[in-house]
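Numbering (my numbering), first residue to last: 642 to 1391.
Ideal Cβ positions, reconstructed from N, Cα and C, are used throughout, including at glycine.
A quick note: this is a predicted structure, and the numbers were derived from the prediction, not measured.
Note sheet for the following structure.
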């Protein structure tokens, strides 16, 4: 939708009624399928933009150009990006229009590494388990280039501009809102842009030594937002081990994901249960749980590509099938795969598959510990393990295969064809994940009549119904930090739970219960239909929240001396009210109150309602302003109580009484600018008053309080204010609390 000053252009609001506004949406991330993918992030970066584009929005995705993609054409747009301390690097843009989405690829020498497989790629490092040492710099370039792409690329004839919704994905895109606030908003750009951050994996946070801050091209005042202390470090980057480094004393480092959380307008993740888990405590929140609780997070389950994953029409299968024919046809496909992999050909043997990264997160280490006992106790069962990962994990897969190659196959080179053939042939899919934000393998499995055996965690819990569409294993026990080896008791507990769960599932194989579960999974609606509707709801919520009050806007209000359109209430509130979230470019509460006491602003007194918190220099939760007209001021306003709804907007509540009469003031030349600022504050529509006042206050606002969880809506009506009454008493208003805001200085909830 065309937007001017953050508002619909004339006629646009009627064209798109509430709920149908068409927006410019920009996804930024490290992966997008099919060009670059290591897991679910690449799929979401492909599918969700397409779904939103199909609903009429203008959508662009921006990712690195890791290879010379045949579809991407050179736009001939070249820019210079500042890297580190004032070093300029040239960046180019390639583009293709694919399924309704502008796919933009950022070209820079640090990205151009040939992709050679699904999870054995060179996206993050030269080999699996090894990161490139310049990771922060590489993704700093991506984020800065994404900002410039909106302004410089004329796609479809015109640029996206600065009135956009950014959707950064994971830590690789987390610096984007920081650059927006550091370099663009001070120049009047992206003032109405919002940031809706999607978290796909909490473990990967962009933790680096503090020296890496110099690579990020950020003003030093942003350092504290990245600063972090922890005893947990990433595993040694040698590809030979996944053991973390745990120190006795906390080490100081930067945490890029933390800063992205603080500066984004809204946090989302890929399932409701995972949202609950990352807020639950230090273990599952990986030491960012306090910030996430303070900010709040919404979980929306991913959909899947039902066209690509269709057992009736799959190019990798020799014959198709549906729910009615699955039991018969899957046995034929099983026999064919058994022969291909050197397993004993026996279509009656229960076949259990594993598809995924060979990473402790996926529980593959525990599954391999369980397989020897399962092979001994279940004489017919067979296993196929498909995935790539660190070298020592791939060696372990081959060691397990060597125990009995007629019953165990390990495929450590990923193949899309093999993935499709395995979910079609297998009877069960094992996913004993320690944690799983959403997961797609279980969706693919159910679609193909392969009954999932999954841990009761995250998105697995949200997508698999125990005893109906699959089997839920007990949660895997964990130690304090991700990847930390389990103690003997916890290891035995985790492996024992997997063994019991698989034995139960195999015991049902071939029964009517098993066949009902097969059909139930195949008949599920696993499209993006509901998910994209939920995303649209959150998009509407985030764009409805007023923007931030910048220093320049606060100074404009402060300049209204002895009258003008800013009444004492408006001057004090505009200077002191900082809509959530707080940013470095906004003024502090203390500064706002001081400005409220300035000439023409009257006296501003801030009192905090019970239960609310106002961290020094940080965001306001729920506050009550008592603004009284000052001598020689702007004719004092009615006192107002300001409450914050759950969406983060502010609405004034009129109280009884009025302030004392002020002296005559001249009409401000900046009336239009003031009106725009006041709209930011309370979301209300301006109403011209007919009251003949000595001071020419040209605009008043009237709003009604919203119910909890809904947007504050305005109910404009003129007020006939009395100008000779004594100061009235404050009205009482109930507060709708958001989660407690984050103290940017410490990274912890206030």
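(Q) Please tell me whether residue 860 and residue 823 are closer than 8 angstroms, where the distance is taken between their beta carbons. (A) yes
Q: Would you list, in sequence order, the uninterrupted beta strand (DSSP E) runs of no fewer than 3 residues that lie entirely inside the stretch 690 to 726?
A: 699 to 705 and 714 to 724
Q: Kindly identify the DSSP beta-bridge partner or partners of residue 1093.
A: 1070
Q) At which residues does the beta strand (DSSP E) containing residue 910 begin and terminate? A) 907 to 910
Q: Can you give me the start and stop residues for the alpha helix (DSSP H) that residue 1145 sits inside?
A: 1129 to 1149
Q: Could you tell me whether the stretch 862 to 873 touches the stretch 768 to 784, where touching means 3 or more Cβ pairs closer than 8 angstroms?
A: no
Q: Rounded to whole angstroms, what's the CA-CA distance from residue 833 to residue 827? Just pull it up for me.
A: 13 angstroms
(Q) To the nearest angstrom, how far is the alpha carbon of residue 812 from that of residue 671? (A) 9 angstroms
Q) Could you give the residue range of the beta strand (DSSP E) that holds residue 1035? A) No beta strand (DSSP E) holds residue 1035; the alpha helix (DSSP H) holding it covers 1032 to 1044.
Q: Have a look at residue 1114 and residue 1090 and give me their C-alpha separation to the nearest angstrom.
A: 19 angstroms
(Q) For residue 699 and residue 664, what's the separation of their Cα atoms in angstroms? (A) 6 angstroms
(Q) Classify residue 1058: buried if its beta carbon has 16 or more other beta carbons within 10 angstroms, exposed otherwise. (A) exposed
Q. If you pair each beta-carbon of the stretch 1176 to 1185 with each one of the stretch 943 to 958, do three or more pairs fall below 8 angstroms?
A. no
Q. Between the Cα of residue 848 and the Cα atoms of 674, 894, 872 and 835, which residue gives the shortest distance?
A. 894
Q: With residue 1023 as the anchor, note down where its beta strand (DSSP E) starts and where it stops.
A: 1023 to 1027
Q. Is the Cβ of residue 912 closer than 8 angstroms to any Cβ of chain B?
A. Any reference to chain B falls outside this structure, which holds one protein chain only.
Q | residue 738 versus residue 1046 - alpha carbon distance | A | 47 angstroms
Q) Does the stretch 1030 to 1049 come close enough to the stretch 1162 to 1171 that 3 or more CB-CB pairs lie under 8 angstroms? A) no
Q. Ordered along the chain, which non-local residues of its own chain (more than five positions away) have a Cβ less than 6 angstroms from that of residue 1026?
A. 995, 1038 and 1051
(Q) Does residue 969 pass the burial test, meaning 16 or more other C-beta atoms within 10 Å, or should it be called exposed? (A) exposed
Q: Give me the Cα-Cα distance between residue 1008 and residue 846, rounded to the nearest whole angstrom.
A: 27 angstroms
(Q) Beta-carbon within less than 6 angstroms of residue 974's beta-carbon, same chain only, minus the 5 sequence neighbours each way: which residues are those? (A) 1065 and 1066
Q) Taking the Cβ atom as the reference point for each residue, do residue 1162 and residue 1070 lie within a distance shorter than 8 angstroms? A) no
Q.
Pull the bridge partners of residue 749 from the DSSP assignment, please.
A. Per DSSP, none; premise fails for residue 749.
Q. Nearest-angstrom Cα distance between residue 729 and residue 1143?
A. 56 angstroms
Q. Who are the Cβ neighbours of residue 697 in its own chain at under 7 angstroms, not counting the five residues just before and after it?
A. 663
Q. Roughly how far, in whole angstroms, is the beta-carbon of residue 897 from the beta-carbon of residue 774, given that I think they are within contact range, below 8 angstroms?
A. With a Cβ gap of about 15 angstroms, residue 897 and residue 774 do not count as contacting.
Q. Taking the runs of the alpha helix (DSSP H) that are 4 residues or longer, which of them lie wholly in the stretch 935 to 993?
A. 967 to 982
Q: Please classify residue 1155: does DSSP put it in a helix, a strand, or coil?
A: helix
Q.
Whole angstroms are fine: how far does the CA of residue 855 sit from the CA of residue 869?
A. 16 angstroms
Q. Does the stretch 1093 to 1111 come close enough to the stretch 960 to 969 to have 3 or more Cβ pairs within less than 8 angstroms?
A. no
Q. Can you give the Cα-Cα distance for residue 1073 and residue 1014, rounded to whole angstroms?
A. 16 angstroms
Q: On the DSSP bridge assignment, give the partners of residue 895 in chain order.
A: 849 and 868
Q: Measure the C-alpha to C-alpha separation of residue 1092 and residue 816 and round it to an integer number of angstroms.
A: 40 angstroms
Q) Over what stretch of residues does the beta strand (DSSP E) that includes residue 1005 continue unbroken? A) No beta strand (DSSP E) contains residue 1005, which is instead part of the alpha helix (DSSP H) from 1005 to 1018.
Q. Of the residues 746, 1134 and 692, which one's Cα is nearest the Cα of residue 733?
A. 746
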